[in-house]
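Sequential numbering from 53 applies to the sequence shown in my numbering.
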Amino acid sequence: MAKGNIARKLQKPALIGTMLICYLFLYLPILHIGLGSVSKNYSFPYPPQLTWATFEKLAENTLYQTALGNSLLIGVLTALLSTLLACLATMGLLRHAGRHTVKFLILFIAPLFVAEVLLGLSSLIFNGLFLQLGGNLFSAILANTVHCFSYALLIIATQLYRYDWRLDDAAMVFGATPLRTFFEVTLPLIWPGLFGAFIVCFIMAFNNLEISFYLLGATPTLPSVAWGALRYGIKPELYALASGVNVVVFLVLGVMFVLMRTGAVRFGHKPERERSAI
């Protein structure tokens, strides 16, 4: 009994200690990079001597500005295409399921099992040998869309799996066209899934190196510029770039959390008072 009581007393401290170690492992590097980006001695910023010189260098670097614009373009257009195509495919699979549904589903999720390097190489060979095209943003966007499409489909499918298609039937019975039914009935109910698919696809395409590297040639993106800069050592601009990206990510997460807690936007989340009333 005494050993059992001791073990139970040690469970909570052990759990807290494990959580603290995990959080330190995850967030200490982010804190270190953040301090390095605003310190004169960026490699070992202890004690920190604050300066904004690294961010000024980053803002003056035209290569990083061009790379950021290209990465944003690839990320946004890839996310839009992937979300649109995945929405159409998922609605077709679930709304009009038939004996060939499984075959189409296997075809749609097949890119999940293809390595990004292989997808980039195969796209490069297809564009170069068959289409005689050089590296360009359009090819990179299409290749990233192929890669992100499967992830978007799975995310949207989790939202549409619980959707009641009788709502669409009722709207069309009362005279609504299929397009109006989608925008006024279906979309307001499934938009959290579409938004989640868009965010995931944007992040994947924005951060992608393997696919874009093979298809863009000399066209810079943030991952390719950062990877190229690492060959000559870690420069202070990389600290500022990483800190800027981290700040944007934490701000977006913070805004989403506040909106969910206040009930202004739900993202599929139900406030506690609504869950208790159901």
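Ideal placement from N, C-alpha and C gives every residue a C-beta, glycine not left out.
Keep in mind the model is a prediction, meaning the values are calculated, not measured.
Out of the options, which one is the CA nearest neighbour of residue i?
i	options	result
Ser89	Met71, Leu72, Glu108	Glu108
Phe254	Gly69, Lys61, Ala66, Leu129	Leu129
Ala195	Thr210, Gln184, Asn179	Asn179
Asn188	Leu268, Tyr284, Thr314, Glu262	Leu268
Trp243	Ala257, Ser123, Val169, Thr210	Thr210
Arg147	Thr106, Asp221, Arg313	Asp221
Gln101	Leu110, Ser91, Ser95	Ser91
Ile85	Leu305, Ile73, Tyr98	Tyr98
Leu206	Leu140, Ala167, Met308, Met71	Leu140
Met256	His199, Leu120, Leu137, Pro65	His199
What did DSSP end up calling residue i once you bin it into helix, strand or coil?
i	result
Ser276	helix
Leu67	helix
Ser95	coil
Leu83	helix
Leu102	strand
Arg60	helix
Val225	helix
Leu140	helix
Lys109	helix
Asp220	helix
Leu261	coil
My assumption, with CB atoms under 8 Å, is that residue i sits in contact with residue j. Please give the rounded CB distance.
i	j	result
Ile353	Gly172	This structure does not reach residue 353, given that the chain is present from 53 up to 330, and the question cannot be answered.
Leu164	Ser202	5 Å
Leu261	Pro275	4 Å
Any idea if residue i is buried or exposed, counting beta-carbon neighbours within 10 angstroms, 16 or more meaning buried?
i	result
Gly127	buried
Ile193	buried
His152	exposed
Check whether the Cβ of residue i lies closer than 9 Å to any Cβ atom in chain C.
i	result
Ala111	Included in the structure is just one protein chain, with no chain C present.
Worksheet item: Of all the alpha helix (DSSP H) runs that stay within the bounds of the stretch 164-191, which reach a length of 4 or more residues?
Response: 168-177
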